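K.L.:
Protein chains in written order, with my numbering: chain E, 34 to 300; chain X, 34 to 300; chain Z, 34 to 300.
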């Protein structure tokens, strides 16, 4: 099974060219689209989206991820073995959530060009390098066979929530904004756990400050929290607290973007 | 074979998470996307779209439909057996066209949580409840095994054309507006049959009134009817008369929306 | 293996209806989406996109292409055998790049309606004619069995670069504009080859004139050529020179569209 995550969009010949190359090498492999709508060249968004779903796939899955602004330059191409899965793509941080979550990570640089499609174009390594390598891996090729293991692979920093000195504030930030404009923070149940039943954490009064205002409502799910026109927080399905507006874009309304600070105050 | 119909869009991790969970339980099942672009939380649009294509799929197909504004609340989760197919989703009317068309309908409430993914999140039952149940059904699990049969499942009303008292008018309405802005009415060949050859029903002079004007042209297909800038009616492929504008949105131009009245006058 | 290329979009029931019909006839066939976002009724764009990727698929692939403004009229339906693959669709030029590239082309008119879905609607031959025929072909039906071979099938002209009389100018044009606004010309390596290393062809000073201005930068790939705000040319992955703007639409900025002239001057 090979999954695809790209910023190619689905209107042009890019995605089918990748699929055709894979199927020419391995006609019976199952190809699953993760998404092709990562914003153009946005490695951080690609890394988040891959990070939020790769663990739902079975052992042995091969994830092909191509958000590749450096295509044609000297950036390396890699295969990663981690969490009983394989990952193929450019060495630019696209696998950062995998590196952060998996205890056993091995990264191999793609060097053996007999597994590439020739001639290798300068602009479309998704088709000419990553697709054929993924297809050969799905037929049993071992990552060790494509090139040597490297240690200096590139990761992008994933911001972690910080506790302030006196212990009554946690400073987090927005990791990702989804297509609905929901703002996904880096706060998890570790920072803020709320009871199944309740609107508020019964153990302490808390405040959630975001984009210059207090988020007044929060609960364990949408239906529990949603008041029209009022931003609310809920524990999202990727394991992070999210800030949303009912039928509206919280990011647009609140002027938030990736990196915007979120403050949790315990009183 | 499992099909997916959702309002998740294809930009985020939601759809691949659903697919990953299914494939982790049943790695060789074929997954077919119906669409993920149902307008957010629009159960009526989801019900129409599913209704317009589920019968094209073979017996034994499992349709997973998740347009679920009530996720996390007390709304029930169900499996439906009807027309030699299975349907999995929330009990909110998303299967109303199936209920209306199939003579044998059995609805089972999802209660046996050993078939769910754990922990069950409060916001993403598509991944945690519906996907694993669909996957187990595709491996042979019987609907009876997931919970007890219920009779009080929820249907949304599908408006039917009405004949007025003196028999020379039929009052219909718009069921759905597609992404091109074509307006799909609830009038079928039963209300208005036109000859293969002809522009007009030879048996009677008829008028089609819609959004405050008379639709002047109608035929059995696009090419026959289309006059630039002039709204026209044709018998659409879902079996309903549709009102369209050549290369334009009839809905926008005529100010029509779901529920807008359509009047057929025989003179 | 059956691929699909249409202008249906992915929001409505059209694509799943096609897939359902195919899978009802051949439940285990693999269906691959090329794209469903060809601009509505744009046969030329459909032809280009199919042309840019069909050769990446293995021998025996069946390509179903439906961009069909003449549906319901007298336009013919065809099956094409070329390049060890099959193509199914309307006879309106959608397969023009296949005709131009393959030496052995055989075109058969779809006449035998026992392979169609009945009743055949007047508006949706994708579902009722092309899908079932493609499915039967994937089960081993021979093109000869669907109807007689024809010679007068329709091709759209693909503009070729022209050399002017004195040999120091080549006049090309834009074949296609992709969703990023990149302008794909009909100039290939034959007209302009640049060295792996270099920014300019070392053998001659050249000028690339486009939309009233000189394109100052060109190289073998994006990263080599891109200067923010400055249009540049690079050799694209479909084998044609493309003109682009870093993170912007060259077509919009330069006022270019399909057919816009491109002039290459050697001095």
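Cβ coordinates follow ideal geometry from the N, Cα and C atoms, glycine included.
Please read these numbers as outputs of a predicted model, since none were measured by experiment.
#1: I want to see whether chain E comes within less than 8 angstroms of residue 167 of chain X, judged by CB atoms only; does it?
#2: Could you compute how far the alpha carbon of residue 300 of chain X sits from the alpha carbon of residue 148 of chain X?
#3: What in chain E is Cβ-close to residue 54 of chain X, meaning under 7 angstroms?
#4: With distance defined between alpha-carbon atoms, name the residue in Z:63, Z:296, Z:66 nearest to residue 200 of chain Z.
#5: Alpha carbon to alpha carbon, how far is residue 192 of chain E from residue 133 of chain E?
#6: What span of residues does the beta strand (DSSP E) with residue 86 of chain E cover, start to end?
#7: When you compare the CB of residue 127 of chain X with every CB in chain Z, is at least one pair closer than 8 angstroms?
#8: Looking at chain X, which residues of the region 65 to 95 of chain E have a Cβ within less than 7 angstroms of any of its Cβ atoms?
#9: For residue 57 of chain Z, go through chain E and note every residue whose CB falls closer than 9 angstroms to its CB, in chain order.
#10: Does the beta carbon of residue 281 of chain Z sit closer than 8 angstroms to a beta carbon anywhere in chain E?
#11: Since residue 211 of chain X meets chain Z, which of its residues come closer than 8 angstroms, beta carbon to beta carbon?
#12: Determine contact between the region 105 to 124 of chain E and the region 73 to 87 of chain X, defined as no fewer than three beta-carbon pairs at a distance below 8 angstroms.
#13: State the beta-bridge partners of residue 96 of chain Z as determined by DSSP.
#14: Is it true that the CB of residue 141 of chain Z sits closer than 8 angstroms to the CB of residue 105 of chain Z?
#15: Starting from residue 50 of chain E, find everything on chain Z with Cβ-Cβ shorter than 8 angstroms and list it in chain order.
#16: Enumerate, from N- to C-terminal direction, the unbroken beta strand (DSSP E) stretches of 3 or more residues contained entirely within the region 108 to 177 of chain Z.
#17: Tell me, please, which residues DSSP counts as bridged to residue 206 of chain X.
#18: Which chain E residues sit within Cβ distance under 9 angstroms of residue 299 of chain X?
#19: Listed in chain order, which residues of the region 126 to 160 of chain X have Cβ atoms closer than 8 angstroms to some Cβ of chain E?
#20: If the criterion is Cβ atoms closer than 8 angstroms, does the pair residue 273 of chain E and residue 215 of chain E meet it?
#21: Please return the same chain residues whose Cβ sits closer than 6 angstroms to the Cβ of residue 39 of chain E, not counting the five positions on each side in sequence.
#22: How do the region 35 to 53 of chain Z and the region 54 to 74 of chain X stand: do at least 3 beta-carbon pairs fall below 8 angstroms, yes or no?
#23: Given a threshold of 16 other Cβ atoms within 10 Å of its Cβ, counted over all protein chains shown, does residue 89 of chain E qualify as buried or as exposed?
#24: Check whether chain E comes within 8 angstroms of residue 218 of chain Z, counting only Cβ atoms and requiring the distance to be less than that.
#25: Taking Cβ-Cβ distances below 9 angstroms as the criterion, which residues of the region 176 to 188 of chain X are in contact with chain Z?
#26: Per DSSP, residue 250 of chain Z forms a beta bridge with which residues?
#27: With a 10 Å radius around its C-beta and 16 neighbouring C-beta atoms as the bar for buried, classify residue 303 of chain X as buried or exposed.
#28: Shorter than 8 angstroms from the beta carbon of residue 36 of chain E to some beta carbon of chain X?
#29: Apply the 10 Å Cβ neighbour rule to residue 151 of chain X and answer buried if 16 or more other Cβ atoms are within range, or exposed otherwise.
#30: From the beta carbon of residue 60 of chain Z, is the nearest beta carbon of chain X less than 8 angstroms away?
#31: Could you tell me whether the Cβ atoms of residue 156 of chain Z and residue 282 of chain X are closer together than 8 angstroms?
#32: Using only alpha-carbon positions, find the residue among X:175, X:128, X:165 that is nearest to residue 186 of chain X.
#33: Of the choices X:217, X:58, X:63, whose alpha-carbon is the least far from that of residue 36 of chain X?
#34: Can you tell me whether residue 154 of chain X is buried or exposed, with buried defined as 16 or more other CB within 10 angstroms of its CB?
#35: Kindly indicate the opening and closing residues of the alpha helix (DSSP H) around residue 50 of chain Z.
P.N.:
Considering the structure as presented:
#1: no
#2: 60 angstroms
#3: 89
#4: Z:296
#5: 11 angstroms
#6: Element bounds for residue 86 of chain E: not the beta strand (DSSP E) but the alpha helix (DSSP H), 76 to 86.
#7: no
#8: 65, 67, 68, 70, 82, 85, 86, 89, 90, 91
#9: Correct list: empty, because the minimum Cβ distance to chain E is about 21 angstroms.
#10: no
#11: 44, 45
#12: no
#13: Z:36, Z:120
#14: no
#15: 85, 86, 89, 270
#16: 110 to 115, 118 to 123, 138 to 142
#17: X:294
#18: Chain E residues near residue 299 of chain X: none, gap ~42 angstroms exceeds 9 angstroms.
#19: 154, 155, 156, 157, 160
#20: no
#21: 69, 99
#22: yes
#23: buried
#24: no
#25: none
#26: Z:265
#27: Here chain X comprises residues numbered 34 to 300, so residue 303 of chain X is not present and cannot be evaluated.
#28: yes
#29: exposed
#30: yes
#31: no
#32: X:128
#33: X:63
#34: buried
#35: 47 to 58
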